[in-house]
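In UniProt numbering, the protein residues as written are 1 to 146.
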């Protein structure tokens with residue numbers, strides 16, 4: 001395995017392990033990472049159409065609809081008519097949804113803080129810079145400009 005392949009594998013392992021740890025610990029508190037992220041998206045962006053949520057998370061509309069159905073059943077989101085298109089619905093976070101985020105977000109922040117807390121300020125800044133640099137290269141490849 002080349003050095004670059006080892007770095008990519010380590011990065012992928014870290015990402016998967018972090019998201020699995022977050023999801024498991026948050027689920028123990030009653031809200032999965034995916035559900036929390038969707039609620040945070042609505043809290044920050046306001047009401048959105050389901051298709052916009054699917055685009056935001058790069059997920060299929062069906063996957064997002066199923067997630068929204070569950071959140072609506074639990075009282076965390078509500079569907080309202082879209083005033084610009086009577087055929088469409090807007091998904092908005094409810095007071096209960098805000099409360100759920102308030103409950104689980106500190107746990108998510110604590111786990112991320114403990115994970116990256118082993119790095120000092122300079123190391124975190126360097127990591128952010130390096131990830132940004134690699135992300136920029138990937139964006140150029142995605143756009144087809146080798």
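Glycine is no exception: its CB is placed at the ideal position from the N, C-alpha and C atoms.
For residue i, write down the residues that DSSP places opposite it in a beta bridge.
{"i": "residue 91", "result": "48 and 79"}
{"i": "residue 85", "result": "82"}
Classify residue i as buried or exposed, calling it buried when 16 or more other Cβ atoms lie within 10 Å of its own Cβ.
{"i": "residue 22", "result": "buried"}
{"i": "residue 108", "result": "buried"}
{"i": "residue 116", "result": "exposed"}
{"i": "residue 31", "result": "buried"}
{"i": "residue 1", "result": "exposed"}
{"i": "residue 12", "result": "exposed"}
{"i": "residue 4", "result": "exposed"}
{"i": "residue 101", "result": "buried"}
Quick check: the Cα distance between residue i and residue j, rounded to an integer number of angstroms?
{"i": "residue 122", "j": "residue 79", "result": "45 Å"}
{"i": "residue 7", "j": "residue 72", "result": "41 Å"}
{"i": "residue 111", "j": "residue 46", "result": "26 Å"}
{"i": "residue 28", "j": "residue 105", "result": "13 Å"}
{"i": "residue 77", "j": "residue 91", "result": "7 Å"}
Is it the case that the Cβ atoms of residue i and residue j are separated by a distance below 9 Å?
{"i": "residue 93", "j": "residue 16", "result": "no"}
{"i": "residue 39", "j": "residue 97", "result": "yes"}
{"i": "residue 57", "j": "residue 37", "result": "yes"}
Can at least three beta-carbon pairs, one atom from the stretch 36 to 53 and one from the stretch 62 to 79, be found at a separation below 8 Å? Contact holds between the stretch 36 to 53 and the stretch 62 to 79, because three or more Cβ pairs, one in each stretch, are under 8 Å apart.
For the 8 Å Cβ check, are there 3 or more pairs between the stretch 72 to 87 and the stretch 125 to 139? Under the Cβ criterion (8 Å, minimum of three pairs), the stretch 72 to 87 does not count as touching the stretch 125 to 139.
Are the stretch 86 to 93 and the stretch 7 to 25 in contact at 8 Å, needing three or more beta carbon pairs? The count of Cβ pairs closer than 8 Å, one atom from the stretch 86 to 93 and one from the stretch 7 to 25, stays below three, leaving the stretches out of contact.
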